[in-house]
Each structure stands twice: as C-alpha cells, then as structure tokens.
Amino acid sequence: MHRSRLTAVAAVLAGLVPLAACSGSGGGKGADPAGTAPVPVTTAVPAPTSEVASITWNIPSGEPPVLDPAASSIEPVSTVVANLCESLFTFGPGYERLPALATDLAHPDPLTYVVKLREGVRFWNGDPVTADDVLYSIQRILNPALGSAWIGWSAHLRDVRVTGAHEITIRLRKADVLVPNFLATPAFSVVQKKYAERAGKAFGTAQGGLMCTGAYKLGTWAQGQRITIERNDGWWNAETAKPKVGKVDFTFVTDPAAQAAALASGDVDGQFTAPRAAHAQLAGKGNLLFNTGLGATFLAVLKQDGALGDPAVRAALQKVIDYRGILESVYGGTAQPLRSLVPPGAWGYAPEALKAGYDALPEPAQDLDGAKKLAAGSAKAKEKIVLAYATSSEEETRIATAIGDSAAQAGLNVELRPLNPQQYGGIFSSAEARAELDAFIVTGYLDFPEPVAYYSYFTTGNFYNFAGYRNTDYDKAVAAAQGEEDPVKRAGHVVKAQAVMAADLVNIPIATQYVNVYYGSKLTGLAPSHRDVYTPWAASLGGK
Amino acid sequence: MTLAVAKLRPGRLRLRRRHPAAVVASAGFLVVVALAGLLAPLLAPHDPDTTSLLNSLAPPGTEGHLLGTDSTGRDVLSRVMYGARLSLLAPLGVVALSLVLGTALGLLAARAGGWADAVISRGMDVVFAFPGLLLAILASAVTGPGLTAPVCALAVAYTPFIGRIVRSAAVQEGARPYLEASRVLGYGEVSVTLRHLLPNILPVLVAQSALAFGYALVDLASLSYLGLGVRPPAADWGSMISQAQSAILQGSPWSGLVPGVAVLLTVIAVNVLGGHLGGTIARKQDT
C-alpha cells in the first residue's frame, strides 16, 4: 500500500487554510462576493490609446476541437474564430447590422435578399475574396454531411446564387425574418474555397489550418497547450479599426480555482465568464465588467409521458423553485428574474409591445404550500422525476440541489442526476442520452435579439423540441411571427406564443444571467456583450 | 548489572504506557465518530439535505448552525454526522470483502503450495500492480455514480494486500509443530487450517484490516471528491469537500475543512490502532 497517500491527504487539508486565507475576504452571507444587490452593468468603456504587443486570454470551457466557423456555435470555438473569420455583416454594440464583407443588403420582395459584396478584400494569403468563395462558404454550411448547427437558418431557403461579380442573391420559399440576422453570424462566414477544398476534412484543425479574412490570422496551434493568433495587417478595415493588440495567446484552463489564480496573478490577462467564486478577488485586481445578455437559465422538460406529463406536476415544480435565493445567493446579484424563455435583453424591436406581454406573465416566486396542494391533487406526483444538470456549473449544481430539496418538501419525487460535460452534451445530440431524464437545467442564449429565434425551437417537429411539445396555437403564433416583417405585428405574435408556452410550462424560466468579462487593469476597450461570440472582440482591446 | 537492568525496566514500562494513550485516544475518537453516524437521526440538529439558499455559507457559530452552512445553506454539522455513515460503512464493506477474498486465497495458496500457490500468487501480483483507485474509477464510469461498484472494485484491488500477508503468515505457521500434531491426531487439512491455523494468524489480519480501512476511506473520499461516489444529495465527507471548492475561493473554508479534518483524523486513528496491533503481534511473535 502507499503510505504517501496519507501524507497527501494531510497536505491537501493543510493547504485549505492558507488557500482560504489567500482568497476572498471574510465569509458568510455578508461576504458574498458580488453582494446581494444587482451589480452595475457596463455598456461602454474607454477606447484603448496604446498598443499592446501580446496578451494571454483563457478559454474557461477548454480547448476548441476545431476552428472551423461552421463549428462556431460553441463558446470555445467562437471565442477564437470571432477574431479570425468574418461574415457578410457584423453586429454593432446595439446588435444593429453593420457592413463587413458585404456593404449593402437589398430586400426587393419578402422572399429575396440581394447582398452587395465588398470589393478589394483579401484573404490572409493575399488572394482576393470572390463571389465564388462567398457562395462556396454559404453552401458548405448547408451540406448536412458537415454537421454544422448553422444549417438551421436555411429552413425556408429556395436557393443562393451569384448574380454579379460582387453580388449574391438569396431566395426563400417562404418569408423568414430571421434570415437577415443570420447574415451577421458564422452561418455566413467566408472561407477561401481553394484552401478549404484542399484541406478537406482537416479544414480548421491544427493540422489543416484555416483561411479567412479577419482582423487576426491563425498563427500557431500547439494542441493541448495554446493557440496563437496574430494581427492581420492586411485586414480590409485596418485603416479605421486597426487592432491594438498584436498577438493573442489562448490558454485552456478549465478549473475555476486555477483560473482565478492565473487571472489574479496576471499570468492570464483576461477571460470571458470569470469564475463566480472569484469575483470579489478579481474585482480588486482589474476590470471585472458585467452586462445584461441574451441568455436564459431554465428548467426544460424532456419527457411528457412521465410525472411531468401532468401539467399540475409541472406547475408544482415551478412553484418549488427558490427564485429569490437563486438570484441573491447563487448568482450574487449578477442575474435578473425571468418570466419567459426570452429575456428582456433580447427585445430587439417593439419593446413596448414585448414588455407589455412580458409584464402580463406571472412573476415567478417560490410557493411551497401551493406546490404541496398541486402535488397532493396529482396522481402522478409520486412518480420519479429525474432532473439532470451539469456538474461543471457550480451555479446549476446549487440550483438543482435546492430544487431537489424543495421538491421533496412539496411531495414531489425528484431524483438528481449530475452529468459530466460529455454526458450533458449528449442531451442535445442523443435521444438515448435523454431517455432516462425527465427534465434538465439548461442555460442557453440567443445569437441575436430576436425572440422568434428561440421560440421556433419549440414548435412541433423542431429538432430541439425534445419534449415533443405540440400546441397548434403556439405553432401558428410562431409561424406568423417568423413571416411578419412589421415589428409591432411580429411582437404581437411573439407575445401570444410566449403566453401559450408560459401557460403550458414545458420550459420553466429561472433567471437571466449577466455576461461578464475580466481583463487586467492595464487593458481597456472591451465591454461585455453576447455579440462578442461573433464579433472580433480582441480588436477592441488595447492599452490604456 | 542486574540492578542496572532492573532500574531500566520501569522506564520501558512507562514508554509502553504512552502507546496505549494514543491508542485509547484513537479508539475513543473512532467510537465518537461511529456513534455520531449511528445516532445522526437523533443527534443532528437539522435534516442534512434541507437547503436554504439565502442562508448559504453562514460561518461557524451562526445561531442554529454550530459548524456553519454550505453553499446551499445545508447545516455542515448535520451533514458531517450523516456523512460519517457512508464514509465509514463503505470502507468497512471494502475491508470485509477483501478480508474474505484475501484470506481464502492466501490460505489456499499457502496450504496447497505448488502450481496453485504459483498461480494465486502471480494473480495477486498482477492485481496488486493495478492502482485500486483507477479500478474504482473505471467501475464508476461503467455503472455511474454510486458506491456499490467502487466498493466492489476496491475490494478486489485490496484482496492481494490481505492475501499476500495471509499467505506469508500461513506459510510461517505451517512449519510449526502444532499443525503436524493436529494432523497426527486425525484432523483433516481443512479443519487444521480453519480451526488451528486461522486463529493464529487472526491478529495479523486484524492489524492489516485496520490499515486497509484507512486507505479505503481515503480512496472512497477521493472518488466522491471526483463526483463518482455517492449520489446527491446524500452526504459523505469526500463529496462535502468537493462541494466546498468554490466556497474556499470565496473565503469560506469551513464547509470543506470540517469533513476534511474528519477524514484526516479518522485515517490517523485507524492507522494508530492498526500500527499498535501490528506492533503488539510482532512483540508476541518475538517472545
């Protein structure tokens, strides 16, 4: 046997005390790092004034498996790719559509979009960007064999054609207001046809490389260690928005304690989604900035043939949630209450109409007595409800634990099912992985502030409608909204769909979290926003 | 010379008395921990699973929470008391299983000799070379969180630890005249082994079992720390330490320190007891 193990245990325990002493100040409720009051949001910061040769940026969710924009729908990929590859348009600070590789978008009729391409743009290797490259890039995403999540934009697509030397035309079979938004996402990222065809399946990998047009170009990728991107001095926008950071080294530290130590010591200059437990520590070291976002944390029903098939049980489950405790203790003031699946931050149009609809929904509040009554009146309440959550999320682990306890008090039979990242990811891709689960806690975000984008996921037959939710009124309202170009009328349809979903409780909203970014005190220029996943955020950073 | 030796004896006796003091303290601590786990439903001030998010990370000494609360507001003292049940029972299961398997294999190898001894001994060498914790992690990966599979896997991993010692002791004992005398009296091989040999190596087994218990406790706590042990919300000390990681970053170490100290002291206590038993047996054999 190994006696050294005992020494190791003693060493770990002995290490706890100084570690605690080195961490946040004090403890207890009063020492909650972010306090219980909502933290201030930051929508703008001073622009950088000086150049910085290089920075080190950590990706808390780990090393990206690939840097192909077709795979840029998960955070580790998009954090890097957003600086490398460009779409036809980009999002401005208020999610307004701004020109990028395209200069103009014409919409002559509800089914046609004509895109004017920017002239004189070159790939990193100096080759000019042609309409053929753009067409190839769009069609590449549409190839089901590639398996890109961005294929979803094409639900109503008739065809895409080159209609001029610097023009492409997109024709739809049915009006779809989501399409113009997708033009600023990786669904329309442009890669070089010649390079991509030569690389084949290796495109975007460490071996195959990448060829785009962005503010930065791919430098080196030492797998398992770091990815380096370097400023692209030939960027078409370099004259007006030349990046002030010359080089970005990406690291992949996933352990929150190690992240906190690296950020606090300055070994790493910054990262998105700073570990919540280290907020107090980091706030005193550099820029820890928060902003409202497009995200929602909710409890999603996965199965309607079990206990959660009874609306009364779903209603009881909603009432056991300790919303106040979650906002104040779990999120420490860095989240807001949520009444619908789409948070107020995603009201990209007709805000008055959308707010009226949102305010009409009941305010979520814990009501254990109400839950007990509902459970007592349901024959299905005693059936087991398997609630899954990701153990990689400290917040969701705490939320699940609290729900499990409150549900037991209310007479519901909730079994917690902690899942590692691989198992959790399987929920989205495998019916087998979902088979044993009744519900799961999920945090998702919209790619752009368009509520229809999220509500369309829960229409009958949609891939992401795991629970098999089916409501004709809901489907009609979402379809009407998706085809309605008038913002106020569209908002009316959205409000109707939202009310139907809220009543049916197939998704139980919990909270909308702020987005956050941390970077060292010598840097400036980057305000946190969900658009950072698809815009060249590193080009905003620089020295004070 | 005689007088000088006589003068030394009281000193040696005093020295011997110090060991029982540590042993008594260790035994006392283990009794307290075992009783705390056994009587948790009567003694624990709170339900160990009752959460109160708005009262999370309350420091020790908070009214109603002597040792504070964890990150979901659960009472740390109550969870440590309830956690003692699984934290002690599971290693006990490992020791019991490995004791049965190891003793059977060790005795068989020692008494059969020849090819059976060679096969069993080499087999135990192979299992001994495989890290027990890794075996338990593999078992958990196959069956999912829960203690049954890790307990069985660790029992298999610990079997050679017991088996080799049993074999060695049995071979030594086998050369003693009393076994031959038993045979002459007409007792069969199985009877001689179980009725005469086994009782004589029992003290060795007890000492090794105590040591194995400490290692099993650490291994199982490590598994729970990795999220492969008990299913939430059940409490055991390893999972409590794991769940306290972010609290430590927030400057609230107690919800991790308390179960951590419980693991540490329990392991020290069982090792002190095991060491004492081993020493006592060795001295007896010397005399």
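Order-wise, the sequence lines are chains H and R. In terms of this note's numbering, the first sequence opens at residue 4 and continues consecutively. In terms of this note's numbering, the second sequence opens at residue 5 and continues consecutively. Cβ atoms here follow ideal geometry from the backbone N, Cα and C, with glycine treated the same way. Only a predicted model underlies this, so the values are computations on that prediction, with no experimental measurement involved.
Bounds of the beta strand (DSSP E) holding residue 229 (chain H) are 229–234. Contact annotation for residue 231 (chain R) against chain H: 394, 421 [CB-CB distance below 7 Å, chain order].
Chain R places no beta carbon closer than 8 Å to that of residue 487 (chain H), leaving this residue out of the contacts. In the three-state reduction of the DSSP assignment, residue 116 (chain R) falls in the helix class.
Spanning the alpha carbons of residue 512 (chain H) and residue 369 (chain H) requires a straight line of approximately 13 Å.
The beta carbons of residue 223 (chain R) and residue 158 (chain R) sit about 6 Å from each other, so the pair counts as a contact at 8 Å. Among the CB atoms of chain R, none fall inside 8 Å of the CB of residue 388 (chain H). Residue 58 (chain R) has a beta carbon lying within less than 8 Å of a beta carbon in chain H. Against chain R, the CB of residue 401 (chain H) has a partner CB under 8 Å away; the residue lies at that interface. For the region 325–355 of chain H, the set of positions with a beta-carbon nearer than 8 Å to some beta-carbon of chain R reads 325, 327, 328, 329, 331, 332, 333 in chain order. Along the region 244–264 of chain H, going in chain order, the ones with a CB nearer than 7 Å to a CB of chain R are 259, 260, 263.
A residue is called buried when at least 16 other Cβ atoms come within 10 angstroms of its Cβ; residue 196 (chain H) meets this threshold and is buried.
Excluding its 5 nearest sequence neighbours in each direction, residue 50 (chain H) has C-beta neighbours in its own chain below 6 Å: 528, listed in chain order. Against residue 249 (chain R), the close residues of chain H are 260, in the order they occur along the chain (beta-carbon pairs closer than 7 Å).
About 13 Å separates the beta carbons of residue 73 (chain H) and residue 157 (chain H), which is beyond the 8 Å limit, so they are not a contact pair.
Contact check between the region 77–95 of chain H and the region 295–303 of chain H: fewer than three CB pairs, one atom from each, fall below 8 Å, which does not count as touching. Remark: fewer than three beta-carbon pairs, one from each stretch, lie closer than 8 Å, so the region 202–217 of chain R and the region 69–76 of chain R are not flagged as touching. Sorting R:272, R:230, R:246 by C-alpha distance to the C-alpha of residue 31 (chain R) places R:272 at the top. Contacts with chain R (Cβ-Cβ distance below 8 Å) from the region 268–291 of chain H involve 278, 279, 280, 281, 283, 284, listed in chain order.
Under the Cβ distance rule, residue 435 (chain H) does not count among the residues neighbouring chain R, no pair being separated by less than 8 Å. What residue 405 (chain H) touches in chain R, judged by beta-carbon distance under 7 Å, is 55, 57, 76, going in chain order.
In terms of Cβ geometry, residue 110 (chain R) and residue 199 (chain R) do not form a close pair [threshold 8 Å].
Inclusion of residue 82 (chain R) and residue 48 (chain R) in the CB contact set at 8 Å is warranted, their separation being smaller than that value. For residue 445 (chain H), the enclosing beta strand (DSSP E) starts and ends at 442–448. Assigned with DSSP and collapsed to three states, residue 258 (chain R) falls in helix.
Per DSSP, the continuous beta strand (DSSP E) segment holding residue 119 (chain H) begins and ends at 115–120. Not flagged as an interface residue toward chain R: residue 372 (chain H), since no C-beta distance is shorter than 8 Å. In the DSSP assignment, residue 69 (chain R) forms a beta bridge with R:66. Residue contact with chain R for residue 478 (chain H): absent (no Cβ-Cβ distance below 8 Å to any residue of chain R).
In the DSSP assignment, residue 418 (chain H) is bridged to H:389. Scanning chain H for C-beta atoms nearer than 8 Å to the C-beta of residue 253 (chain R) yields 26, 27, 259, 260, 263, 278, 280, 281, 284, reported in chain order.
Residue 139 (chain R) and residue 93 (chain R) have their C-alpha atoms roughly 20 Å apart. Looking only at H:227, H:479, H:208, H:538, the smallest Cα-Cα distance to residue 493 (chain H) is reached by H:479. When the five nearest sequence neighbours on each side are left out, the beta carbons in the same chain lying within less than 8 Å of the beta carbon of residue 183 (chain R) are those of 177, 196, 200, 201, in order along the chain.
The alpha-carbon of residue 202 (chain H) is positioned some 16 Å away from that of residue 148 (chain H).
Nearest in C-alpha terms to residue 104 (chain R), of all of R:137, R:166, R:150, R:55, is R:166.
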